[in-house]
Amino acid sequence: MASLEQQRIEFANRKFLATPLSGLIAWFLVGLSGLLFPDRITVWILFIATGSIVYLALFVSKFTGENFLDKTKPKNVFDSLFFYTVTQAVLVYAIAIPFFLKDYTSLTLTVGVLTGTMWLPFSWIIKHWVGIFHSLTRTILIVLLWYLFPEQRFVVIPFTIVVIYIITLIILMKRNKQELL
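Just so we're aligned, residue 1 is where the sequence shown starts under the numbering used here, counting upward by one.
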């Protein structure tokens, strides 16, 4: 069995495209819904889309070459740790739902910020600043935009998250190219 450090290095050398692509798609759908539909529909799109990111990532991973469901890959403890961070992101709905019941527009703030926290341990695992960038930028911008655009929270915040995902994907792709050189 590989040492913990060897497993961390193997984990860190992966592409990491499927999950952020899935987050990008989910938040894009939320923003699009915010543009096209009333808020009462958009809140359901937000719940469904963000709650489906993991499942979408399982599907997208087949096209990015990551194939999360490949049973032939050797076990890696960091896969388990990453799964726990994903579970942590899902558990934040326990905070988001009560606030949603008081102010439905709080969803973009609570779900947007709290699900972004999974990027911090990811940065630690891969020893790269991309997750810190994603999490901090996302948190700061969401809080700022939540106060600045109260009438447009279901449009401005989701599309901001999409832009952060695009930047994150670019960083991840450049990181992968640099490591191959």
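Even glycine gets a Cβ: it sits at the ideal position worked out from N, Cα and C.
Are the beta-carbon atoms of Leu-29 and Ala-49 separated by less than 8 Å?
The residue given as residue 29 occupies position 29 in the sequence shown. The residue given as residue 49 occupies position 49 in the sequence shown. Yes, the pair counts as a contact, with Cβ atoms nearer than the cut-off.
Leu-169 to Leu-21, Cα distance in whole Å?
Numbered from 1 along the sequence shown, position 169 holds the residue referred to as residue 169. Numbered from 1 along the sequence shown, position 21 holds the residue referred to as residue 21. One Cα belongs to Leu-169, the other to Leu-21, and the distance between them is close to 8 Å.
Can you name the start and end residues of the alpha helix (DSSP H) that Leu-144 belongs to?
Taking the sequence shown and counting its residues from 1, the one referred to as residue 144 is at position 144. 130 to 148 is the extent of the alpha helix (DSSP H) around Leu-144.
What would DSSP say about Ser-123, mapped onto helix, strand or coil?
For the purposes of this step, residue 123 is taken as the residue at position 123 of the sequence shown. Ser-123: helix per DSSP, three-state reduction.
According to the Cβ coordinates, are Gly-31 and Val-113 closer than 8 Å?
Walking along the sequence shown from the start, residue 31 turns up at place 31. Walking along the sequence shown from the start, residue 113 turns up at place 113. No, they are not a contact pair.
Are the stretch 117 to 127 and the stretch 70 to 83 in contact at 8 Å, needing three or more beta carbon pairs?
yes
Nonlocal neighbours in the same chain, by C-beta distance under 8 Å from Trp-129, ignoring five residues either side:
Counted from its first residue, the sequence shown places residue 129 at position 129. Taken in chain order, the residues that qualify are Ser-123.
For the alpha helix (DSSP H) containing Gly-34, name the first residue and the last one.
Stepping through the sequence shown from its first residue, residue 34 is reached at position 34. Membership of Gly-34 in the alpha helix (DSSP H) is indicated by the continuous run 18 to 36.
Indicate whether Leu-145 and Thr-160 have their beta-carbon atoms separated by less than 8 Å.
In the sequence shown, counting from the first residue as 1, residue 145 sits at position 145. In the sequence shown, counting from the first residue as 1, residue 160 sits at position 160. In contact: Leu-145 and Thr-160 (Cβ atoms closer than 8 Å).
Bounding residues of the alpha helix (DSSP H) (the contiguous stretch that carries Phe-68):
Counted from its first residue, the sequence shown places residue 68 at position 68. Premise fails: Phe-68 is in no alpha helix (DSSP H) and is neither H nor E.
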